[in-house]
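Numbering-wise, the sequence shown is residues 2 to 165 according to my numbering.
These notes concern the structure reproduced below.
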Amino acid sequence: MNALTLPQAAKVKDKSDSVTDEIVLVTFSRNIVSSQLANCKYLAEIAHDNPLWIHPAAAEKQGIKNGDRVKLLTSVREIEAKVRLTESIHPHAVAIARDFGHWAVGNISRAKKFKSNDPDTSLLFWEDEGNGVHVNSIISRKKDSVGNGQVWNGIKVKLIKKMS
Numbered sequence: 002m003n004a005l006t007l008p009q010a011a012k013v014k015d016k017s018d019s020v021t022d023e024i025v026l027v028t029f030s031r032n033i034v035s036s037q038l039a040n041c042k043y044l045a046e047i048a049h050d051n052p053l054w055i056h057p058a059a060a061e062k063q064g065i066k067n068g069d070r071v072k073l074l075t076s077v078r079e080i081e082a083k084v085r086l087t088e089s090i091h092p093h094a095v096a097i098a099r100d101f102g103h104w105a106v107g108n109i110s111r112a113k114k115f116k117s118n119d120p121d122t123s124l125l126f127w128e129d130e131g132n133g134v135h136v137n138s139i140i141s142r143k144k145d146s147v148g149n150g151q152v153w154n155g156i157k158v159k160l161i162k163k164m165s
């Protein structure tokens, strides 16, 4: 039998999502929150913010400090995020969690206080901080050439420090 039994690696040839001054965007999921649990008040209290992780050396080159706000641009569109400096990420990459920044799921997931029979719903202390950023909106709908799924790896981004 002459069939291939192991998968073959293929280089990604399409560079249409590139922008200048590129770094690679990495997305991840938090261990306690998912999009299905975004409206759970106790979990939202624990994890409601969604900062962009940047290596301190990379941030220093662009004059970015911990807590600054930056624009994250792809070829599709841009989002704004608060910066968290960490050495837990490669200097040529930035990372942001998925499953945040909801706008339609419910009041808890949108960080909006509301009146109900549950007194906790009027105590959302993070309403002023917001509910994080929804990273999906900057990901291209283009399909990858290998698995024919949405391209989530190798996304090139550009950072611009937002002036206050």
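Ideal Cβ placement from N, Cα and C applies to all residues, glycine included.
If you're wondering where the values come from, they're calculated on a predicted model, not measured in any experiment.
Contacts around residue i, its chain only, beta-carbon distance under 6 Å, and the 5 residues preceding and following it disregarded
i, result
"I80", "L73, V134, I139"
"H93", "I24"
"N154", "none"
Run of the beta strand (DSSP E) containing residue i, from where it starts to where it stops
i, result
"V158", "156-162"
For residue j and residue i, believed in contact at Cβ under 8 Å, the rounded distance
i, j, result
"V84", "P52", "6 Å"
"R99", "N137", "7 Å"
"H56", "I97", "Between I97 and H56 the Cβ distance is about 14 Å, and since that is not below 8 Å, they are no contact."
Sequence-distant residues of the same chain with beta carbon closer than 8 Å to residue i, five excluded per side
i, result
"K116", "T122, S123"
"V158", "V20, E23, I24, V25, L26, L73, L74, T75, V95, I139"
"A112", "A45, H49, L125, W127, E128, E130, G131, N132"
"S30", "A98, R99, D100"
"K144", "G150, Q151, V152"
Residues of its chain near residue i, where Cβ-Cβ distance is below 7 Å and the 5 sequence neighbours each way are ignored
i, result
"G64", "K162"
"L86", "I55, P57, A60, N67"
"S118", "The amino acid occupying residue 118 in the given sequence is Asn; Ser does not appear at that position. Within the same chain, N118 has no close Cβ partners at all."
Secondary structure, beta strand (DSSP E): runs of 3+ residues fully inside the stretch 17-99: 24-29, 53-55, 70-74, 79-86, 94-98
With a threshold of 8 Å, are at least 3 pairs of Cβ atoms found where one atom belongs to the stretch 37-52 and the other to the stretch 107-117? Three or more beta-carbon pairs drawn from the stretch 37-52 and the stretch 107-117 are found closer than 8 Å, and the two stretches are therefore classed as touching.
Count Cβ pairs between the stretch 59-67 and the stretch 113-129 that sit closer than 8 Å; are there 3 or more? no
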